[in-house]
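Undergrad:
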Amino acid sequence: MTASTSTAPVAAAELPSPQEFADTFAALEREIGKVVVGHREALRRILVAFFAGGHVLIEGVPGIGKTLIVRSLGEALNLSFSRVQFTIDLMPADITGTRMLEEGDSGRRTMVFVPGPLFAHIVLADEINRATPKTQSALLEAMAELQVTVAGKTHALHTPFFVLATLNPIEMEGTYPLPEAQLDRFLFKVPLSYPEVEELRQIVRGTTGAQMARISPVFEFEPARRINALRHLVREVIVAPQVEDYVAALVRETIPEVTTDARVKQYVSFGSSPRGAQALILGAKAIALLRGRVNVAFSDVEEIAVPALAHRLVVNFAAETEGVTARSIVDHLVEAGKKWQR
Amino acid sequence: MRVAARLNRVAVERALFWGLGSALFALAAAASLAGRLSPAAFRQTAVALVVAVVAIATAAWLAARRRWAREVGAARWVEARVPLDERLLTLVTASPAVRESHLWSMLVSDNRAHLGRWAGSRLGIPRVPGNAAYAVLALAAALASLVPRWEPGEPPPEMASTADRDADPSHEVDQPNLAAVGGTLNGGQAGTGDRGDGKHPQGATVVAAIEGMRADLARRFDESIAAAVLNAGTGGGEPPEGGSDDVQLAKRAPNAERGGIGQTKGEAGGRPPDASLARLEQGDGSGQPVLAPEAVGGTGAGKPTRGAGSPDGSAKEGGKGNDQADGGNKAMAGGRGKPDGPTVASKADGEANGGTGGAGAGAGKASAALLAAKPLTLAGGARQTARFALTIGAGTREVGPGDQDGVPTQARSHIADVARGAQAADRSVRHEEIPPEYEAIVKRIFAREP
Chain A
-15 MTASTSTAPV AAAELPSPQE FADTFAALER EIGKVVVGHR EALRRILVAF FAGGHVLIEG
45 VPGIGKTLIV RSLGEALNLS FSRVQFTIDL MPADITGTRM LEEGDSGRRT MVFVPGPLFA
105 HIVLADEINR ATPKTQSALL EAMAELQVTV AGKTHALHTP FFVLATLNPI EMEGTYPLPE
165 AQLDRFLFKV PLSYPEVEEL RQIVRGTTGA QMARISPVFE FEPARRINAL RHLVREVIVA
225 PQVEDYVAAL VRETIPEVTT DARVKQYVSF GSSPRGAQAL ILGAKAIALL RGRVNVAFSD
285 VEEIAVPALA HRLVVNFAAE TEGVTARSIV DHLVEAGKKW QR
Chain B
23 MRVAARLNRV AVERALFWGL GSALFALAAA ASLAGRLSPA AFRQTAVALV VAVVAIATAA
83 WLAARRRWAR EVGAARWVEA RVPLDERLLT LVTASPAVRE SHLWSMLVSD NRAHLGRWAG
143 SRLGIPRVPG NAAYAVLALA AALASLVPRW EPGEPPPEMA STADRDADPS HEVDQPNLAA
203 VGGTLNGGQA GTGDRGDGKH PQGATVVAAI EGMRADLARR FDESIAAAVL NAGTGGGEPP
263 EGGSDDVQLA KRAPNAERGG IGQTKGEAGG RPPDASLARL EQGDGSGQPV LAPEAVGGTG
323 AGKPTRGAGS PDGSAKEGGK GNDQADGGNK AMAGGRGKPD GPTVASKADG EANGGTGGAG
383 AGAGKASAAL LAAKPLTLAG GARQTARFAL TIGAGTREVG PGDQDGVPTQ ARSHIADVAR
443 GAQAADRSVR HEEIPPEYEA IVKRIFAREP
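If you read the sequences in order, they're chains A and B. The first sequence begins at -15 in the numbering used here and counts up one residue at a time. The second sequence begins at 23 in the numbering used here and counts up one residue at a time.
So, in structure tokens, the structure goes:
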């Protein structure tokens, strides 16, 4: 399940306050914004998914700042960061690690485990769709289980563990599009669009000058522990039964077999799994904390409905020919679902 | 929860107003239709109204049940009007497991901090439901339809019960005056003071109505022609001693005396007949004496004439008349006599009632000759002056040359000659029960209405 094991129990005395969460969030946005121009909304959603314990699939053309965002996030959080460029010949052991024969000082040779790039707090899986499904599966297993198994031995990953995968939507030749089951493991799918003119001017000015902007880490000490505490705080946010009912109805309506919405029946082949509901609740909890509340409101769910559900819907051929996207369908459901809120 | 209590109170009030308003409207409609519809149609209308009221009341009750707000409903109500971001809803609906969250206390304090934004607000809950106007309108309609209305200045009749009347001795004062009418209506004997049994089921109501009627009749009579005639013909007669039922009796007795009609047996206290006065009386057309109830001969003699006729001296025969004539003559003799019962003056149109009979009493008899040639008619025209003419058709003696004015010196009543059948007829008339229509006729007469 998504982010089911992403947090460790935190004592109540160590539980940060919602205000501390909001301050940390704002500090991260500020620090990352020093080097990442634009993409405010995408950055906000990435941070929400990070504190919700999920993983994010970023979709964007090359050179748009995907890698910069991930690296800046790692620097701001003061967490370990690794990058894996997925290619067609990338093997699972290349990302999970492998056992190697190592000779000691006494000359004795032993098999030792050499961790792969997954053993970092923040992992950038660049162009994940270029790797074979076997490698993709190894990554997705690590994302879900927060552990890898090499040569029969299970190795736990670091916590917090956060995977940012990118997709290149324009170069589809020689790629292995992620199956829906694997897409479902990402909490959010965040599209990155081209920068505006002013943003582009700032990018040029900031990256071609003599002085480069430097990111100051938000957490000076024990960043992992503090981040885990913040993640635990997110899970403590209270959800009313009515909000849960609304989320369940929203997810249920994406399933063409059971939906009452004609648009969904017409254009959707497969609806969201229960992971969609989990993503909605977890994301809404983080949004609620950002808004200074300790309870989830309907508006919190509405805000993250598209990034949490759109990549879980599979539209049919009719939708593709008519230009109907999954995003527009989710927007339609959110608008139509206001009656379920009362 | 306060909001829930407020919402539920308004829901109950709304249902009550719908039910009561509909019931009052139905009552008003039934009251207004009661006098217009036939019994069968009214029965059907009443059933339809009852069904409609029951339907409306049921619908209102069901609506109240549907709107009955529990804590969740009240929280939704508040959330729909105040942007609390589901704080209140979460507090109200959270499960016990959720309440163990570390953030629960924060949620409570956070919600409390936001109370100031809406605690003083009524959140659109009205103090009085909107359909209160419907209930008020229905109440006004019901009052307008169901409460009897009185004309201005006309007091409502006193609806005293029989028990009250028996307990209140003040009512006894007026009872003699009511004797004639009340006795008649209740089966008593007219003119005898019989007030009836008073135990009639509607006796109290009837008596109360009669009291009002009597007062009205007395007032109108004072303004009537008869009163004017009586006043004009009164020459200083004294009311009879012994407490006559009618003061007018005392006024009329001297007039009869002045008329000099007949030779009376009560000469000891009276004066001798004066022919000149009798002539004058004839000219006035008034002054007919009033007889005791037994004065049979007076029944038809009350019809006035326009001053026609003159005494014919038949009073002599009246002097030897019957006892009834004696009774009248006693009164005439000086107003000392005690009449046997109340009498009522002759009406302007000449109709006699149960107490009538005074006309011609002084003559001691009545005959067809006493009838006026042409009765007074009050139909149309300006105010007419009624003149009661007492034509005594008793004069048979030839007027001699020595007679100065041809007035017979002694009247002769020939009532005895008319046979006793007339007396019997008069008695039967007196004992006849007066129909209710008579009251209206009497009122119209005294109101000088056509």
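Beta carbons: idealized from backbone N, C-alpha and C, even for Gly.
Just curious, the beta strand (DSSP E) that Phe172 (chain A) is in, first and last residue?
TA: Phe172 to Pro175
Undergrad: Measure the C-alpha to C-alpha separation of Arg259 (chain A) and Glu182 (chain A) and round it to an integer number of angstroms.
TA: 38 Å
Undergrad: Measuring CB to CB, does Ala157 (chain B) end up less than 7 Å from Leu42 (chain B)?
TA: Yes; because the gap between Cβ atoms is below 7 Å, this pair is in contact.
Undergrad: Per DSSP, what are the beta-bridge partners of Leu297 (chain A) in this structure?
TA: Per DSSP, none; premise fails for Leu297 (chain A).
Undergrad: Are any of the Cβ atoms in chain A nearer than 7 Å to that of His136 (chain B)?
TA: no
Undergrad: Report the residue from A:Val221, A:Leu63, A:Ile313 and A:Arg247 whose alpha carbon sits nearest the alpha carbon of Pro2 (chain A).
TA: A:Val221
Undergrad: Taking 7 Å as the cut-off, decide whether the C-beta atoms of Leu41 (chain A) and Lys173 (chain A) are in contact.
TA: yes
Undergrad: Do you know how far the Cα of Glu461 (chain B) is from the Cα of Arg449 (chain B)?
TA: Approximately 21 Å between the Cα atoms of the pair.
Undergrad: In chain order, what residues of the same chain lie with their CB nearer than 8 Å to the CB of Thr238 (chain A), ignoring the 5 residues before and after it?
TA: Val248, Val252, Gly255, Ser256, Gly260, Leu293, Arg296, Leu297, Ile313, Val314 and Leu317
Undergrad: Could you name the residues of the segment 265 to 290 of chain A whose beta carbon sits closer than 9 Å to any beta carbon of chain B, in the order they occur along the chain?
TA: Ala272, Arg275, Gly276, Arg277, Val278, Asn279, Val280, Ala281, Phe282, Ser283 and Asp284
Undergrad: Name, going along the chain, the residues of the segment 112 to 131 of chain B whose beta-carbon falls closer than 9 Å to a beta-carbon of chain A.
TA: Thr112, Leu113, Val114, Thr115, Ala116, Ser117, Val120, Arg121, Ser123, His124, Leu125, Trp126, Met128 and Leu129
Undergrad: For the beta strand (DSSP E) that Thr69 (chain A) lies in, which residues bound it at each end?
TA: Reading off the sequence, residue 69 (chain A) comes out as Gln, not Thr. Its beta strand (DSSP E) spans residues Phe65 to Gln69.
Undergrad: Against chain B, which members of the segment -3 to 17 of chain A pass a CB distance test of less than 9 Å?
TA: Flagged, chain order: Leu(-1), Ser1 and Pro2.
Undergrad: Ile79 (chain A) and Gly100 (chain A): beta carbons closer than 7 Å?
TA: yes
Undergrad: In angstroms with no decimal places, state the Cα-to-Cα distance between Met75 (chain A) and Leu123 (chain A).
TA: 10 Å
Undergrad: Might you give, ordered along the chain, the residues of its own chain that have their beta carbon closer than 7 Å to the beta carbon of Asn30 (chain B), omitting 5 neighbours on each side?
TA: Trp90 and Ala91
Undergrad: Thinking C-beta only, is Leu167 (chain A) closer than 7 Å to Asn113 (chain A)?
TA: no
Undergrad: Less than 8 Å between C-beta atoms, sequence neighbours within five positions excluded: which residues of the same chain meet that for Asp238 (chain B)?
TA: Lys465
Undergrad: Is it buried or exposed, Phe9 (chain A), if we count other Cβ atoms within 10 angstroms and call 16 or more buried?
TA: buried
Undergrad: Over the uninterrupted alpha helix (DSSP H) stretch that includes Asp284 (chain A), give me the two end residues.
TA: Phe282 to Glu287
Undergrad: Residues of chain A with CB under 8 Å from Glu93 (chain B), in chain order?
TA: Per Cβ cutoff of 8 Å: no residues; Glu93 (chain B) is ~13 Å from chain A at best.
Undergrad: Any beta carbon of chain A sitting closer than 7 Å to that of Glu108 (chain B)?
TA: yes
Undergrad: Apart from the five residues just before and just after Ala68 (chain B), which ones in its own chain have a Cβ nearer than 8 Å to its Cβ?
TA: Once the five neighbours on either side are set aside, the close Cβ partners of Ala68 (chain B) are Ala52.
Undergrad: For Ala91 (chain B), which of helix, strand or coil comes out of DSSP?
TA: coil
Undergrad: Below 8 Å on the Cβ atoms is my contact criterion, and I expect Leu113 (chain B) with Leu129 (chain B) to pass it. Report the Cβ-Cβ distance as a whole number of Å.
TA: The pair is a contact, with the Cβ atoms about 6 Å apart (cut-off 8 Å).
Undergrad: Run down chain B in chain order and give the residues with a C-beta less than 7 Å from the C-beta of Ala224 (chain A).
TA: Glu108, Leu111, Thr112, Thr115 and Ala116
Undergrad: Residues of the segment 204 to 237 of chain A in Cβ contact with chain B at a cutoff of 7 Å, in chain order, please.
TA: Glu220, Val221, Ile222, Ala224, Pro225, Gln226 and Val227
Undergrad: Could you check which residue in A:Asp245, A:Thr116, A:Pro117 and A:Ala140 has the C-alpha nearest to that of Ala126 (chain A)?
TA: The residue with the shortest Cα to Cα distance from Ala126 (chain A) is A:Ala140.
Undergrad: Enumerate, from N- to C-terminal direction, the unbroken beta strand (DSSP E) stretches of 3 or more residues contained entirely within the segment 34 to 68 of chain A.
TA: 40 to 43
Undergrad: Nearest to Thr191 (chain A) by alpha carbon, out of A:Val21, A:Leu85, A:Leu12 and A:Met84?
TA: A:Val21
Undergrad: Is there contact between the segment 46 to 64 of chain A and the segment 89 to 97 of chain A, where contact requires at least three CB pairs shorter than 8 Å?
TA: no
Undergrad: Within the continuous beta strand (DSSP E) that includes Ile106 (chain A), where are the two ends?
TA: From DSSP, the beta strand (DSSP E) with Ile106 (chain A) extends over Ile106 to Asp110.
Undergrad: Okay, do the segment 59 to 77 of chain A and the segment 195 to 211 of chain A touch, 3+ Cβ pairs below 8 Å being the bar?
TA: yes
Undergrad: Just mark Thr305 (chain A) as buried or exposed, buried being the case when its beta carbon has 16 or more other beta carbons within 10 Å.
TA: exposed
Undergrad: Suppose you measure from the CA of Glu86 (chain A) to the CA of Ser56 (chain A); what does that come to, to the nearest Å?
TA: 35 Å
Undergrad: Express the C-alpha separation of Val285 (chain A) and Leu130 (chain A) in angstroms, rounding to a whole number.
TA: Cα-Cα distance, rounded: 26 Å.
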